[in-house]
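A.B. asks: Numbering (this note's numbering), first residue to last: 243 to 438.
A virtual CB, placed ideally from N, CA and C, is assigned to each residue, including glycine.
It should be emphasised that the depicted structure is a prediction, and the values quoted were computed from it without experimental measurement.
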């Protein structure tokens, strides 16, 4: 008789998980409004990304942990997209979580060092409160305490209408998996335009 309680609890947890999967999904989160500057000092606003799929991540130039790995994978994904002729339909955006240090010139050097094609990739910075508001609006954890910076390892795919349609841990994704997620978003956008 004593063994029934753990089984009941396990069964209840299993069934609640099944039922949660059957719940109707809400509208995807939207890209929050922002106005920052890129590595060339050019203003970039939310509206500038409309009409193209956007691959978005957070980083900082001095990062020695996940940023180099995620950025390298995104550089390879960008090269695969270029080879597939999809460059004009996809934009990459990396937002620094260290805006007091990562001025546009530093981000430009970082972009050159990692081999990013900045004709289709913006590295963004701006006033700390605006960067913090954007990162928080993206639901990406980030801290900067006493110069010690931490942030979530997240790659977001935003559709052409500004909806966040994919979210994954960047260090867990191979470049081919990133490209597959981007292709899905591009295909959905193409279907939406044709009404299919």
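1. Flag this pair as yes or no: are the beta carbons of residue 427 and residue 396 separated by less than 7 Å?
2. From what residue to what residue does the alpha helix (DSSP H) around residue 315 run?
3. Please classify residue 441 as buried or exposed, where buried requires at least 16 other C-beta atoms within 10 Å of its C-beta.
4. Assuming the contact rule is C-beta atoms closer than 8 Å, residue 332 and residue 295 should be a hit. Round their C-beta distance to whole Å, please.
5. If you measure between the beta carbons of residue 339 and residue 271, is that distance less than 7 Å?
6. Work out the CA separation of residue 326 and residue 356 for me, nearest whole Å.
7. Have a look at 391, 411, 377, 311 and flag the residue whose alpha-carbon is nearest the alpha-carbon of residue 275.
8. Quick one: what's residue 285 bridged to in DSSP?
9. Could you check what DSSP says for residue 394 in three-state terms: helix, strand or coil?
10. Given a cut-off of 7 Å, decide if residue 319 and residue 352 are closer than it, judged by their beta-carbon atoms.
11. Could you tell me the alpha carbon to alpha carbon distance between residue 328 and residue 416, rounded to whole angstroms?
12. Taking its Cβ as the centre, do 16 or more other Cβ atoms sit within 10 Å of residue 388, making it buried, or is it exposed?
C.D. replies: Taking the definition as stated:
1. no
2. 308 to 325
3. There is simply no residue 441 to check, as the chain begins at 243 and stops at 438 in what is shown.
4. 5 Å
5. no
6. 21 Å
7. 377
8. 279
9. coil
10. no
11. 18 Å
12. exposed
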